[in-house]
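Engineer: Residue numbers (this note's numbering): 5 to 66.
Don't be surprised by glycine CBs; every beta carbon is placed ideally from N, CA and C.
Owing to the predicted nature of the structure, the values given are computational and were not obtained by experimental measurement.
(1) Report yes if the CB atom of residue 29 is closer than 9 angstroms to the CB atom of residue 54, and no otherwise.
(2) Which word fits residue 51, buried or exposed, when buried means at least 16 other C-beta atoms lie within 10 angstroms of its C-beta?
(3) Anyone know if the C-beta pair for residue 22 and residue 43 falls short of 9 angstroms?
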């Protein structure tokens, strides 16, 4: 419920940031689902499947 409420209030200018490196992960593989709003992901590696699945994914690599 809270997730849906947050997503309905969010806009493209306030994209959430997912820092995979801070949680011990360096790869984004594309097996899951992302919301329709733009998302910024900090990761070292993003698979082609993840890039193809999400048009609103912005990746920042270190």
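Structural biologist: Let's see:
(1) Their beta carbons are not under 9 angstroms apart, which means residue 29 does not touch residue 54 by this criterion.
(2) Around the C-beta of residue 51, fewer than 16 other C-beta atoms lie within 10 Å, and the residue is accordingly described as exposed.
(3) Contact: yes.
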